[in-house]
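Following: one structure in structure tokens, then a few remarks.
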Amino acid sequence: MHINGQQVGPFDESLLMLNGLTPTTPVWADGMTGWMPASQVAALSYLFVGQVPPSYGAPQYGGQSQYGQQPYQPSRPMPPTNLVWGILVTIFCCLPFGIVSIVKASQVSSLYNQGKYLEAEEASNSAGKWAMWGAISSVIFAVLYILCIILFAGSMAAFM
Numbered sequence: 050m051h052i053n054g055q056q057v058g059p060f061d062e063s064l065l066m067l068n069g070l071t072p073t074t075p076v077w078a079d080g081m082t083g084w085m086p087a088s089q090v091a092a093l094s095y096l097f098v099g100q101v102p103p104s105y106g107a108p109q110y111g112g113q114s115q116y117g118q119q120p121y122q123p124s125r126p127m128p129p130t131n132l133v134w135g136i137l138v139t140i141f142c143c144l145p146f147g148i149v150s151i152v153k154a155s156q157v158s159s160l161y162n163q164g165k166y167l168e169a170e171e172a173s174n175s176a177g178k179w180a181m182w183g184a185i186s187s188v189i190f191a192v193l194y195i196l197c198i199i200l201f202a203g204s205m206a207a208f209m
């Protein structure tokens, strides 16, 4: 990334906006033939959807500018936390899977607020998967339990 005529970086994708990336900031990455405006790079174009360039005095290296403005933030929505599913699985189904789901779900908003969008999506997906596997394992356990009762009742009837 070029800022004020100087090359800075490399930066992780989640830190680009905090370091002053604008749609017109020249960027370069492995595989590119030369420097291009950030808005023309396909991998970064989602950062500028529905956004206007930051106003004068926006920070270039994160934090607040001298005018007290907050850094330019992307329009990427926060992924679902799946916390409700984790709680329901913990209460009604499978405690171990539900607890892991709750822990993963509680990480989503904190990762998102830190600008770690990919990690937030991963935590969201993981929370959902743990909740789903908890529910599935509970159904399997219930079916096996009912089969055992039926078999036990059948074997008791044979002895009488």
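Counted the way the working numbering counts, the sequence shown spans residues 50 to 209. We put the CB at the ideal spot given by N, CA and C, even for glycine.
Item                                                                                            : Value
Which of helix, strand or coil DSSP assigns to PRO145                                           : helix
Close beta carbons around LYS153, own chain, < 7 Å, minus the five adjacent residues each side  : ALA172, SER175, ALA176 and TRP179
Pair within 9 Å by beta-carbon distance, MET85 and PRO75                                        : yes
Residue of ALA184, MET181, VAL149 and PRO129 minimising C-alpha distance to SER159              : PRO129
DSSP three-state assignment for VAL90, whether helix, strand or coil                            : coil
Buried/exposed call for ILE140, threshold 16 Cβ in 10 Å                                         : exposed
Beta-carbon proximity of GLY183 to PHE208, cut-off 9 Å                                          : no
Helix, strand or coil at MET205 according to DSSP, with G and I counted as helix                : helix
Which listed residue (VAL192, ALA169 and PHE190) has its alpha carbon closest to that of GLN156 : ALA169
Assumed close pair CYS142, SER88 - CB separation to whole angstroms, cut-off 8 Å                : With a Cβ gap of about 47 Å, CYS142 and SER88 do not count as contacting.
Cβ neighbour criterion (16 or more within 10 Å) applied to ILE199                               : exposed
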